[in-house]
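The structure appears right after this line, and notes come after that.
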């Protein structure tokens with residue numbers, strides 16, 4: 200929901216589009232070099248045949264990759280590091296190969312997301328766009344894991360031996 204509000208819809212244009220317009224961005228007509236009135240979002244600008252430029256573009260890819268990686272890391276840390284014998288038992292269990300393959304798949308997905316974040320930062324965005332994307336990615340994680348989840352006392356760490 201957080202990522203959707205940031206990148207897709209917030210009672211009109213998305214939050215990222217609102218930041219873009221607030222920092223001087225606008226939709227300009229490619230031929231006439233003037234602003235297209237009423238195009239306050241990236242999608243509306245493209246549909247009107249304009250060029251979206253001039254403002255600060257928060258990296259939505261950075262937000263999504265950091266937010267999803269932190270959520271998955273939080274679960275891996277709670278499950279894996281507090282119960283390392285369980286991981287060894289899953290690896291040694293020859294009757295259930297899917298358990299070990301699922302552990303490898305999670306770590307493979309985290310590695311893929313790290314690689315995608317690296318490529319996004321190298322080829323597609325500048326430093327300030329990446330910093331703002333990192334900020335909003337960390338903010339979403341912090342709201343859930345520092346702000347909301349500690350309010351529920353029944354949610355705790357798994358036992359040492361699962």
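Numbering (my numbering), first residue to last: 200 to 361. For every residue, glycine included, the Cβ atom is placed at its ideal position computed from N, Cα and C. Quick caveat, the model's predicted, so the values are computed rather than measured.
Please state whether DSSP places residue i in a helix, a strand or coil.
{"i": "residue 325", "result": "coil"}
{"i": "residue 349", "result": "helix"}
{"i": "residue 219", "result": "helix"}
{"i": "residue 342", "result": "helix"}
{"i": "residue 305", "result": "helix"}
{"i": "residue 257", "result": "coil"}
{"i": "residue 318", "result": "helix"}
For the beta strand (DSSP E) that residue i lies in, which residues bound it at each end?
{"i": "residue 228", "result": "225-228"}
{"i": "residue 252", "result": "249-252"}
Considering just the uninterrupted stretch of the alpha helix (DSSP H) at residue i, what are its terminal residues?
{"i": "residue 242", "result": "241-246"}
{"i": "residue 211", "result": "No alpha helix (DSSP H) contains residue 211, which DSSP labels as neither H nor E."}
Roughly how many whole angstroms lie between the Cα atoms of residue i and residue j?
{"i": "residue 216", "j": "residue 342", "result": "22 Å"}
{"i": "residue 324", "j": "residue 268", "result": "19 Å"}
{"i": "residue 316", "j": "residue 227", "result": "30 Å"}
{"i": "residue 319", "j": "residue 246", "result": "25 Å"}
{"i": "residue 257", "j": "residue 352", "result": "35 Å"}
{"i": "residue 322", "j": "residue 292", "result": "43 Å"}
{"i": "residue 350", "j": "residue 244", "result": "42 Å"}
{"i": "residue 242", "j": "residue 203", "result": "15 Å"}
{"i": "residue 261", "j": "residue 331", "result": "9 Å"}
{"i": "residue 296", "j": "residue 225", "result": "54 Å"}
{"i": "residue 314", "j": "residue 304", "result": "15 Å"}
Name the one or two DSSP bridge partners that residue i has.
{"i": "residue 298", "result": "Bridge partners of residue 298: none, in fact."}
Are the CB atoms of residue j and residue i within a distance shorter than 8 Å?
{"i": "residue 254", "j": "residue 219", "result": "yes"}
{"i": "residue 312", "j": "residue 348", "result": "no"}
{"i": "residue 302", "j": "residue 289", "result": "yes"}
{"i": "residue 213", "j": "residue 252", "result": "no"}
{"i": "residue 201", "j": "residue 339", "result": "yes"}
{"i": "residue 271", "j": "residue 329", "result": "no"}
{"i": "residue 259", "j": "residue 222", "result": "no"}
{"i": "residue 336", "j": "residue 266", "result": "yes"}
{"i": "residue 273", "j": "residue 344", "result": "yes"}
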